[in-house]
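The block underneath contains the structure these notes are about, expressed in structure tokens.
Number of protein chains: 2
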Amino acid sequence: MSKYSIGIDFGTESARAILVRVENGEEVATSVYTYRDGVIDEFLPGTDIKLEPDWALQNPADYIEALKETIPELLNKSGVREEDIIGIGIDFTSCTMLPIDKEGTPLCMLDEYRDNPHSWVKLWKHHAAQPEADRINEVARERKEDFLSRYGGKYSSEWFFSKALQILNEAPKIYQAADRLIEGADWIVLQLTGKERRNSCTAGYKALWDPERGFPSKDFFRALDPRFENVVDEKMSKDIYFLGEKAGGLTTRMACLTRLKRGTPVAVGNVDAHVSVPAATVTGPGKMVMIMGTSICHMMVDKELRLIPGICGVVKEGILPGYYGYEAGQSAVGDIFAWFVKNCVPGEYFEEANKRNIDIHRVLEERASHLKVGESGLLALDWWNGNRSVLVDADLSGLLLGATLETKPEEIYRALIEATAFGTYKIINTFEENGVKIRELYACGGLPERNKLLMQIYADVTGREIRIAASSQTPALGSAMFGAVAAGKENGGYDNIIEAAKKMAHLKEERFIPNEKNHLLYQKIYAEYERLHDYFGRGENEVMKKLKEIKKASKE
Amino acid sequence: MSKYSIGIDFGTESARAILVRVENGEEVATSVYTYRDGVIDEFLPGTDIKLEPDWALQNPADYIEALKETIPELLNKSGVREEDIIGIGIDFTSCTMLPIDKEGTPLCMLDEYRDNPHSWVKLWKHHAAQPEADRINEVARERKEDFLSRYGGKYSSEWFFSKALQILNEAPKIYQAADRLIEGADWIVLQLTGKERRNSCTAGYKALWDPERGFPSKDFFRALDPRFENVVDEKMSKDIYFLGEKAGGLTTRMACLTRLKRGTPVAVGNVDAHVSVPAATVTGPGKMVMIMGTSICHMMVDKELRLIPGICGVVKEGILPGYYGYEAGQSAVGDIFAWFVKNCVPGEYFEEANKRNIDIHRVLEERASHLKVGESGLLALDWWNGNRSVLVDADLSGLLLGATLETKPEEIYRALIEATAFGTYKIINTFEENGVKIRELYACGGLPERNKLLMQIYADVTGREIRIAASSQTPALGSAMFGAVAAGKENGGYDNIIEAAKKMAHLKEERFIPNEKNHLLYQKIYAEYERLHDYFGRGENEVMKKLKEIKKASKE
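Protein sequences appear in the order of chains P and U. In this text, residue positions in the first sequence follow the UniProt record's numbering: the first is 1, and each later residue adds one. In this text, residue positions in the second sequence follow the UniProt record's numbering: the first is 1, and each later residue adds one.
This is how it looks when you write it as structure tokens:
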């Protein structure tokens, strides 16, 4: 009798759930729930309370609704019986956090607080806590806190303490009223199991926690704000659970809601990018996993701790047991191509796409694929949304160089793809220069399935073979794998994620093998990329920042 | 009884003729003749003889046809009698040159030679003589010829001796067979009057002639090629006539063809950009005339000879009597906006243009005009077709910097306009730094009439008031003015071009006054433009050239 596990990936616009056969990872059923309130960035739902710029909230009711809708649908679609579901795993965007009361109820669900935007879930891309992030960086540098070096030298406005401090600064009553500030991943696990089981991944990557050193000192938090001194003790928890551990069993209430068996094992929560690593078959060093979509997350594990400048973070046990987990990233990839298609592509290209009933990206890809390396004479810097790694600078901007009166849209399209490949290559080289070797690349996410040219360009630019994860739902598969690990071998699951990956994770047959001739040509062009990268990115010419200052001033 | 003169502007695709009242410059009638063979850049007309890349020819029969069609039409339309036409002037693109026999017949009109492309008219934008231009520059530099300094340090592939030397190199028989090599302007005058009256403008700007020093030495030409030693004596003429002189009277044959009176005075030929200066009312120093279309020509006169790096040329009496005439230029302006509209503007903008029945440029201009200075955060280098002044480098290419995921097409459009304005400002500043003061700007050509935003941006960037020539046919008006000067005061015309300009040239009422606040903001952005200009344009980072080399190699 086959056993099954369920993985749910809580994304930005929707939650995607899959039901997977434990013995071989076969995806038996899929269910998607699109959040009713989606990304809240204009008005609080059902009110005329307007949000400030850079705000991005979610409604936690959407998460519960997702559980209620998707899990029964998985059972219905597959015909699998509830007793054959041996485990559940979930992953979440991060840092996505919320204030809750003693009972675990989000403050935004209480009449008393719901009109205050700070009572809602702050989504990962809520960018309004930049002043707090600046303060954290300033104080950390002043105090010579050594944790900054594990985060590429900079704490982000997206992360936990920036958002927590913003609540304290702007809504002290909400801060006061919150019994807990908690990551979305951990809140769902709390809902499912009734237990607060904070995971090592978000704690490590977003909240400065380290298994050996714990959280930063009270002195540090006091230096940020005296009221913030005891944030960890008062609003969080020092009990951190490692990935692969069982958080608990499904509560009676949640069993009713989801139609699963009470007590079904639930794994400790995880983050979408991190959970994708074993789902892409990677369980050891030397292999970089790229989660490729609107942006790219670059994930690596290594036995050694290396402080690599400009990465997002390195966390012990942050991705896989027994390894240091490294995360780096590019803040816009698919987003750049989407911008280009929306703003820079003539109508005749869309007409062709319509006529042939194919996507506009296919039209551009097809035309771009006829170009030889270097034929366009174009070179771009992929900084349309700043640079996350390795410059860690949101104020950088995009550059296109080499245009002539003969330049065609498909040439620009290809130059933009190449620019993002150069950006990834720069990250790879930075890892290697700092002692972390990368032999192969593993890709998952939406882009690799949609754009073969892009994958070939990445292989040619980086000079490395690229394999593609077989699942098109890599995070949900990874969560299901952790669900099977939470169940344990004795219940038909696995002892650890390595074993689960051996059986449940697969690759497509397709390989992207670097073309040596193209790689050599790209080396030449990359040398020019790197020179511009350093010229504009490392302070030699601050024109991008100056233009942003002028832009800001023009709006005042 | 009013007197009239006729001006004909021989352009790239057509000839534009106007009939003008001499006393006040009123344009009484207009006639346009579109050349049947247009620009010949693929096959010789009526043959399958294919041209090499970068070739651009014309058929001289088109010029004669233009005379035959337009002049009678002017008479018909206006009802003016032939005896009231006191003079004719013509201007031409340049350097546009052709080989002719002893009778003045173009070699391409003779069966013996017509299958050889070198027997045809080489149009100004025939760029296939680059190897010859390189040779001229190399030899001139080796021999330390001082004339190069009058041409911004570089002789162009478009100019007379490059083209002549190409004929010698590639078609020695044509070179041999040619009794004369002659500019199109001078050939038309020869046709009209039966007299070879080479003009000082094309001789000076395109053929290295100087009223005091004459042509370069025989030694120089011999160093280029021993067969080229006597090119001036054998194929040209040392008799050069100044602008404003009368070339002769209309021949009987031409009188029949045009229905004008035999003996009607014909002015010495001129060049489109140069003839526009007095037609834009400018007859002295301090005022720069910009002929604004696909590219911009910047024309100045000054009492002193200044050697200004990177201009196209300075020629004594090259524009107006008694002055040194300066020419500089930008190789692409309107061409960049046309490229942008063709390659980078989404269909919805065209839909709006269609719906409102306005030009697509109006839609972009309207949207761009709502942007404040600096609001887009974009900055461009206007080098889509290289840089003519002041870098004199065809291998430079376009750059756009500052793009974000929010960047809109109208923002890029405005940034491109601003980039061309910065390019003009750089030219103005280079003139001023070398002692030629520029107080005001005068614009003519297609762009000023069509794009008010562009004109205001030029005023704001340069901090100078801009006036617009009243005539939309400035070159033809200028030619008609020179026609009236050729007639002389005694025949109802004028003694000189200054007097003609006082009466016949006018400005529109409209003035573009620089906005001081915008000018100050633009100064900041221009400082960034200038830094990038020097960084990419003066050898610090040769990335544009390297990319062009890679591009070239990719096609081999």
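Just so it is clear, CB atoms sit at the ideal spot from N, CA and C, and this is done for glycine as well.
Taking 8 Å as the threshold (beta carbon to beta carbon), is residue i in contact with chain U?
i: F350/P; result: yes
i: N343/P; result: yes
i: S554/P; result: yes
i: D359/P; result: no
i: K551/P; result: yes
Can you pull the chain P neighbours of residue i, defined as C-beta to C-beta under 8 Å?
i: M544/U; result: L401, G402
i: K489/U; result: Correct list: empty, because the minimum Cβ distance to chain P is about 47 Å.
Grouping DSSP H, G and I as helix and E and B as strand, with all else coil, what is residue i?
i: T264/U; result: coil
i: Y323/U; result: coil
i: I296/U; result: strand
i: K246/P; result: strand
i: W384/P; result: strand
i: D272/P; result: helix
i: Q330/P; result: strand
i: K316/P; result: strand
i: C444/U; result: strand
i: G204/P; result: helix
i: G537/P; result: helix
i: I308/P; result: coil
i: K508/P; result: strand
i: G7/U; result: strand
i: Y33/U; result: strand
i: N518/P; result: helix
i: residue 604/U; result: The requested residue 604/U is not part of the displayed model; chain U covers only 1 to 556.
i: K524/U; result: helix
i: P346/U; result: strand
Give a yes or no on whether the minimum CB-CB distance between residue i and chain P is below 8 Å.
i: T407/U; result: yes
i: K102/U; result: no
i: S397/U; result: yes
i: K235/U; result: no
In chain U, which residues lie less than 8 Å from residue i when you measure between Cβ atoms?
i: S2/P; result: Going along chain U, no residue has its Cβ under 8 Å from S2/P, so there is no contact; the nearest lies around 45 Å.
i: P346/P; result: K342, N343, C344, V345, P346, G347
i: L547/P; result: G374, G377, L378, L379, L401, G402, I525, E528
Give the interface partners of residue i over in chain U, defined as CB-CB distance under 7 Å, in chain order.
i: W339/P; result: L405
Identify the contact partners of residue i in chain U, using a Cβ-Cβ distance below 9 Å as the criterion.
i: N541/P; result: E528, R531, L532, Y535
Legend entry - Length at least 4, wholly inside the stretch 156 to 186 of chain P: the alpha helix (DSSP H) runs in chain order: If only complete runs of 4 or more residues are kept, the stretch 156 to 186 of chain P shows the alpha helix (DSSP H) at 160 to 170, 172 to 177, in order along the chain.
Inset, instruction - Pull out every residue of the stretch 364 to 391 of chain U whose Cβ sits closer than 8 Å to any Cβ of chain P, in chain order. - result: For the stretch 364 to 391 of chain U, which is checked against every Cβ of chain P, the residues closer than 8 Å are K372, V373, G374, E375, S376, G377, L378, L379, W384, N385.
Legend entry - Within 8 Å of chain P by C-beta, residues of the stretch 502 to 532 of chain U in sequence order: Correct list: L521, K524, I525, E528, R531, L532.
Legend entry - Members of the stretch 319 to 338 of chain P that neighbour chain U once the beta carbon cut-off is set at 9 Å: Residues of the stretch 319 to 338 of chain P whose Cβ lies closer than 9 Å to any Cβ of chain U, in chain order: A332, D335, I336, A338.
Legend entry - Entirely enclosed beta strand (DSSP E) segments - the stretch 39 to 122 of chain U, minimum 3 residues: Qualifying beta strand (DSSP E) stretches, in chain order: 85 to 92, 97 to 100.
Inset, instruction - Return the residues of the stretch 108 to 124 of chain P that lie within a Cβ-Cβ distance of less than 7 Å from chain U, sorted by chain order. - result: Taking 7 Å as the Cβ-Cβ cut-off against chain U, none of the residues of the stretch 108 to 124 of chain P qualify.
Inset, instruction - Jot down the residue ranges of each uninterrupted beta strand (DSSP E) in the stretch 444 to 488 of chain U, minimum 3 residues, whole runs only, in chain order. - result: Listed in chain order, the beta strand (DSSP E) elements of length 3 or more contained wholly in the stretch 444 to 488 of chain U are 466 to 469.
Inset, instruction - Jot down the residue ranges of each uninterrupted alpha helix (DSSP H) in the stretch 211 to 258 of chain U, minimum 4 residues, whole runs only, in chain order. - result: DSSP runs (the alpha helix (DSSP H)) wholly in the stretch 211 to 258 of chain U: 218 to 224, 231 to 235, 252 to 258.
Legend entry - Length at least 4, wholly inside the stretch 359 to 408 of chain P: the alpha helix (DSSP H) runs in chain order: The stretch 359 to 408 of chain P contains, as complete alpha helix (DSSP H) runs of 4+ residues, the segments 360 to 369 (chain order).
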